[in-house]
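Notes to accompany the following structure.
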């Protein structure tokens with residue numbers, strides 16, 4: 345499928361839920377779907393798919409390549425941010441190279457994005473939203489600090505979906 349025939353609109357959560365805040369994206373995508381349906385009844389495009397991408401790495405390539413609109417929720421590690429800080433990157437700001445590490449599984453997802461771009465099947469609209477993890481120790485569930493910033497993450501995703509005309513006022 346080439347880039348101009350890609351039509352899927354996906355909100356994808358990434359992460360390993362067995363390493364606390366590393367699972368931010370997975371926990372966020374599950375809660376976000378419920379939040380949008382509750383707070384925006386009938387206003388969310390029926391085309392949007394919510395996907396738990398876990399830490400599937402290259403197995404995510406078909407979803408990336410078939411997307412025209414892709415929002416990725418994930419933990420984001422940056423030396424320029426503090427634990428719990430919400431961050432977002434637009435399409436052209438997302439590093440696609442292996443030497444830049446955003447989280448334990450992110451290198452593989454960056455390779456997925458790089459491969460999709462190389463193959464000419466890169467999403468026309470791509471946005472990454474997440475937060476700097478606080479606790480990546482072994483355990484299920486996210487830290488209270490990350491739980492506290494979920495509303496801000498949701499707010500940013502809502503803004504992006506509205507900009508893309510996938511969520512009406």
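Numbering (the numbering used here), first residue to last: 345 to 513.
All residues carry an ideal CB built from backbone N, CA and C; glycine is no exception.
According to DSSP, residues forming a beta bridge with residue 396 = 357
request  = Assign residue 494 to one of three DSSP states: helix, strand, or coil.
outcome  = helix
ask   = From residue 440 to residue 359, what distance separates their C-alpha atoms?
value = 18 angstroms
request  = Label residue 403 either buried or exposed according to how many other C-beta atoms from any shown protein chain fall within 10 Å of its C-beta, with 16 as the threshold for buried.
outcome  = exposed
ask   = Nearest to residue 543 by alpha carbon, out of 463, 433 and 489?
value = What the structure shows of the chain is the stretch from 345 to 513, and residue 543 is not part of that stretch, so it cannot be assessed.
request  = Go through the region 406–470 residue by residue and report every complete run of the beta strand (DSSP E) that reaches 3 residues or more, in order.
outcome  = 411–419 and 430–434
inquiry  = Let me check one thing: in DSSP terms, what residues is residue 473 bridge-paired to?
reply    = Paired residue(s): 417 and 432.
inquiry  = Which same chain residues end up closer than 8 angstroms to residue 449 when comparing Cβ atoms and leaving out the 5 residues on each side of it in sequence?
reply    = With a pLDDT of 47 at residue 449, under the threshold of 50, the modelled position of this residue cannot be trusted, and the question is left open.
message = I need the straight-line Cα distance from residue 432 to residue 452, nearest angstrom please.
response = 19 angstroms
ask   = What does residue 352 pair with, by DSSP beta-bridge criteria?
value = 411
ask   = Should residue 512 be labelled buried (16 or more other beta-carbon atoms within 10 Å of its own) or exposed?
value = Within 10 angstroms of the beta-carbon of residue 512 lie fewer than 16 other beta-carbons, which makes it exposed.
ask   = In this structure, what does DSSP give as the bridge partners for residue 363?
value = 483
request  = With distances taken Cα to Cα, identify the nearest neighbour of residue 484 among 364, 370, 497 and 369.
outcome  = 364
message = Within the continuous alpha helix (DSSP H) that includes residue 382, where are the two ends?
response = It spans 368–383 - the alpha helix (DSSP H) in which residue 382 sits, taken as one unbroken run.
ask   = Can you give the beta carbon distance from residue 376 to residue 498, rounded, assuming they're within the 8 angstroms contact cut?
value = 6 angstroms
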